[in-house]
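Asker:
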Amino acid sequence: MATNGQKEEGLGQEFTKQVIDSFGPKTDPRLREIMASFTQHIHDFIRETQLTTDEWMTAVKMINWSGQMSNEKRNEGQLMCDIIGIESLVDDITHRKLAKEGHTGTNSAILGPFWRADTPWRENGTTITFDTPKDAQVSFLYGQITDSHTGKPIPNASVELWQASTNGLYEQQDDKQVEHNLRGKFRTDAEGRYSCYCIRPTPYPVPNDGPSGQILEMLDRHPYRPAHIHFMVIAEGYQTLVTQIFDSGSDYVDNDSVFAVKDGLTVDFVPRKGDPQADWQLEYNISIGPA
Ligand code: BEZ
Ligand code: FE
1 MATNGQKEEG LGQEFTKQVI DSFGPKTDPR LREIMASFTQ HIHDFIRETQ
51 LTTDEWMTAV KMINWSGQMS NEKRNEGQLM CDIIGIESLV DDITHRKLAK
101 EGHTGTNSAI LGPFWRADTP WRENGTTITF DTPKDAQVSF LYGQITDSHT
151 GKPIPNASVE LWQASTNGLY EQQDDKQVEH NLRGKFRTDA EGRYSCYCIR
201 PTPYPVPNDG PSGQILEMLD RHPYRPAHIH FMVIAEGYQT LVTQIFDSGS
251 DYVDNDSVFA VKDGLTVDFV PRKGDPQADW QLEYNISIGP A
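If you use the UniProt record's numbering, the sequence shown corresponds to residues 1 to 291, in order.
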């Protein structure tokens with residue numbers, strides 16, 4: 001935008017207005033708002049940086065490459081958004097909007113590209129770690145789901161967990177892991193409690209063999225995420241919570257490659273005594289607000 005009072009050269013604001021005004025009357029109002037703003041910002045960005053045809057084509061090729069790499073097991077488009085903070089920003093705006101409407105509770109965090117819609121149900125107190133690698137440390141994870149307004153426990157809630165193995169791979173990325181390894185859905189009991197055995201998470205790099213990896217490299221950035229476990233909590237009559245917990249002692253807690261670490265989500269695993277099945281334990285209680 002010409003902010004110094006000088007007349008813009010070339011295709012300026014009149015051109016941008018022409019593009020926005022091309023949207024027809026049947027356009028959904030929210031879509032019109034989003035696309036008008038997007039067009040305005042991206043035109044201003046192109047004018048500001050004086051983007052060349054070659055530079056624009058480089059971006060087009062990366063977007064195409066990301067589509068070609070994506071399938072039901074890999075979401076490169078989402079990953080490209082993640083490494084420039086888009087998913088975290090959208091998550092934060094969504095969470096703050098809910099908070100303003102009175103929905104307090106445990107902080108949210110990004111879903112990420114490795115959630116699966118067909119995760120199996122498991123019994124409380126059972127394990128999500130199968131073929132546990134030698135370098136893994138088994139942990140007992142337990143907690144209570146409560147109503148953020150009343151503090152009362154929420155029975156019958158679904159608590160879904162997923163995590164990467166110690167080789168840094170989720171089971172769908174790794175032929176050597178059994179299907180649905182390190183993921184499970186648990187139904188809270190009458191006191192709103194859930195529990196399972198999992199592994200103490202370890203840091204891992206986001207997939208860096210595609211355009212996202214190339215962008216990270218070009219920007220002189222590392223691909224690592226701090227050690228974390230993903231949660232999705234669903235209960236009838238409540239807001240669904242998607243979040244992650246981060247091991248406070250992990251590398252990269254202060255510089256997550258996808259910028260997902262938020263207040264209240266760092267946790268401390270403690271040694272577990274008298275349980276031959278686990279070296280560590282973690283109590284993580286979650287509160288969710290009414291829908
Ligand atoms: C993850 O935590 O699984 C993840 C999140 C964003 C990008 C890549 C991986
Ligand atoms: Fe993850």
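Don't be surprised by glycine CBs; every beta carbon is placed ideally from N, CA and C.
Computed from a prediction, not measured in an experiment: that's the story for all the values here.
For my contact list, residue 95 and residue 290 are in at a C-beta cut-off of 8 Å; report their separation, rounded to the angstrom.
Answerer: Sequence index remark: in the sequence shown, residue 95 carries index 95 (1-based). Sequence index remark: in the sequence shown, residue 290 carries index 290 (1-based). That pair is no contact at about 15 Å.
Asker: Can you give me the start and stop residues for the beta strand (DSSP E) that residue 230 sits inside?
Answerer: Your numbering for residue 230 matches position 230 in the sequence shown. Looking at the DSSP string, the run of the beta strand (DSSP E) that includes residue 230 is 228 to 234.
Asker: Quick check on residue 143: does DSSP put it in helix, strand or coil?
Answerer: As a working mapping, residue 143 is identified with position 143 in the sequence shown. Three-state result, residue 143: strand.
Asker: Which term fits residue 80, buried or exposed, when burial requires 16 or more other beta carbons within 10 angstroms of its beta carbon?
Answerer: As a position in the sequence shown, residue 80 is number 80, starting the count at 1. That one is buried.
Asker: Please classify residue 120 as buried or exposed, where buried requires at least 16 other C-beta atoms within 10 Å of its C-beta.
Answerer: Stepping through the sequence shown from its first residue, residue 120 is reached at position 120. Exposed, by the Cβ-count rule.
Asker: In whole angstroms, what separates the C-alpha of residue 33 from that of residue 224?
Answerer: On the sequence shown, residue 33 is found 33 positions in, with the first residue counted as 1. On the sequence shown, residue 224 is found 224 positions in, with the first residue counted as 1. So the alpha carbons of these two residues sit roughly 36 Å apart.
Asker: On the CB-based measure, 16 or more other CB atoms within 10 Å of its CB, does residue 90 come out buried or exposed?
Answerer: The residue you call residue 90 lines up with position 90 of the sequence shown. It is exposed - the Cβ of residue 90 has fewer than 16 other Cβ atoms within 10 Å.
Asker: If we ignore side chains and look at the alpha-carbon of each, how far apart do residue 154 and residue 100 end up?
Answerer: Against the sequence shown, residue 154 aligns to sequence position 154. Against the sequence shown, residue 100 aligns to sequence position 100. Rounded to whole angstroms, residue 154 to residue 100 spans 23 Å at the Cα level.
Asker: List the whole-angstrom C-beta distance separating residue 242 from residue 88, where the pair is believed to meet the contact cut-off of C-beta under 8 Å.
Answerer: To locate residue 242, count along the sequence shown from 1; it is residue 242. To locate residue 88, count along the sequence shown from 1; it is residue 88. About 12 Å; that fails the 8 Å criterion.
Asker: Alpha carbons only, please: which of 69, 286, 246 is nearest the one belonging to residue 188?
Answerer: Position 188 of the sequence shown holds residue 188. Residue 286 is the option with its Cα nearest to residue 188.
Asker: When we look at the beta-carbon of residue 1 and count the other beta-carbons within 10 Å, is it buried (16 or more) or exposed?
Answerer: To locate residue 1, count along the sequence shown from 1; it is residue 1. Bear in mind that a pLDDT of 49 at residue 1, under 50, signals an unreliable position, so the number given afterwards is only what the model happens to contain. That one is exposed.
Asker: Report whether the distance from the Cβ of residue 110 to the nearest heavy atom of the ligand BEZ is below 7 Å.
Answerer: As a first step, residue 110 must be located in the sequence shown, where it is residue number 110. Residue 110: yes, Cβ under 7 Å from the ligand BEZ.
Asker: Using three-state DSSP, classify residue 19 as helix, strand or coil.
Answerer: Mapped onto the sequence shown, residue 19 falls at position 19. Of the three classes helix, strand and coil, the one that applies to residue 19 here is helix, per DSSP.
Asker: Determine the direct distance from the alpha carbon of residue 231 to that of residue 263, and round the result to whole angstroms.
Answerer: Reading the sequence shown from its first residue, position 263 is the one you call residue 263. Reading the sequence shown from its first residue, position 231 is the one you call residue 231. Roughly 16 Å separates the two Cα atoms.
Asker: Counting Cβ pairs, one atom from each stretch, are 3 or more of them under 8 Å apart for the region 158 to 166 and the region 128 to 147?
Answerer: Touching, yes.
Asker: Using a Cβ-based criterion (distance less than 7 Å to any ligand heavy atom), does residue 230 qualify as near the ligand FE?
Answerer: Numbered from 1 along the sequence shown, position 230 holds the residue referred to as residue 230. Within the cutoff, so yes.
Asker: Since residue 115 contacts residue 65 with CB under 8 Å, what's their CB separation in whole angstroms?
Answerer: Residue 115 sits at position 115 when you count from the first residue of the sequence shown. Residue 65 sits at position 65 when you count from the first residue of the sequence shown. About 23 Å separates the two Cβ atoms, so there is no contact after all.
Asker: Whose C-alpha, out of 12, 288, 13, is nearest the C-alpha of residue 151?
Answerer: As a working note, residue 151 is residue 151 in the sequence shown. Nearest option by C-alpha distance: 288.
Asker: May I ask whether a heavy atom of the ligand FE can be found less than 7 Å away from the beta carbon of residue 32?
Answerer: Locating residue 32 in the sequence shown gives position 32, where the first residue counts as 1. Result no, Cβ not under 7 Å from the ligand FE.
Asker: Suppose the cutoff is 7 Å on Cβ atoms and the five residues either side in sequence are ignored; what does the same chain contact list for residue 184 look like?
Answerer: Residue mapping note: residue 184 aligns to position 184 of the sequence shown, counting from 1. Hits under 7 Å: 119, 120, 122, 128, 161, 196.
Asker: Distance check for residue 275 and residue 256, CA to CA, integer angstroms please.
Answerer: Start at 1 with the first residue of the sequence shown, and residue 256 comes out as number 256. Start at 1 with the first residue of the sequence shown, and residue 275 comes out as number 275. Spanning the two alpha carbons is a distance of roughly 33 Å.
Asker: Where do the ends of the alpha helix (DSSP H) carrying residue 68 lie?
Answerer: Here residue 68 refers to the residue found at position 68 when the sequence shown is read from its first residue. Run containing residue 68: 53 to 69, per the alpha helix (DSSP H) assignment.
Asker: Is it buried or exposed, residue 268, if we count other Cβ atoms within 10 angstroms and call 16 or more buried?
Answerer: The residue labelled residue 268 in the question sits at position 268 within the sequence shown. Its Cβ having fewer than 16 others within 10 Å, residue 268 is exposed.
Asker: Who are the near neighbours of residue 69 in its chain, counting only those whose CB is closer than 8 Å to its CB and skipping five residues on each side?
Answerer: Here the question's residue 69 lines up with position 69 in the sequence shown. Answer for residue 69: 76, 210, 211, listed in chain order.
Asker: Out of 180, 41, 62, 240, state which residue places its alpha-carbon closest to the alpha-carbon of residue 146.
Answerer: Residue numbering aside, residue 146 sits at position 146 when the sequence shown is read from its first letter. Of the candidates 180, 41, 62, 240, the one whose C-alpha sits nearest the C-alpha of residue 146 is 240.
Asker: Among 26, 97, 207, which one has its Cα closest to the Cα of residue 74?
Answerer: Position 74 of the sequence shown, counting from 1, holds the residue named residue 74. Comparing Cα positions, the closest option is 207.
Asker: Is any heavy atom in the ligand BEZ found nearer than 7 Å to the beta carbon of residue 74?
Answerer: Within the sequence shown, the letter at position 74 stands for residue 74. No - the ligand BEZ has no heavy atom lying nearer than 7 Å to the Cβ of residue 74.
Asker: Should residue 227 be counted as a contact of the ligand FE given a C-beta to heavy atom distance under 7 Å?
Answerer: Here the question's residue 227 lines up with position 227 in the sequence shown. Flag unset: Cβ of residue 227 not near the ligand FE.
Asker: For the ligand FE, is there any heavy atom lying closer than 7 Å to the beta carbon of residue 186?
Answerer: By 1-based counting over the sequence shown, the position of residue 186 is 186. Not so, every heavy atom of the ligand FE lies at least 7 Å from the Cβ.
Asker: What separation, rounded to the nearest whole angstrom, lies between the Cα atoms of residue 17 and residue 72?
Answerer: For the purposes of this step, residue 17 is identified with residue 17 of the sequence shown, where counting begins at 1. For the purposes of this step, residue 72 is identified with residue 72 of the sequence shown, where counting begins at 1. Between residue 17 and residue 72, the C-alpha separation is close to 39 Å.
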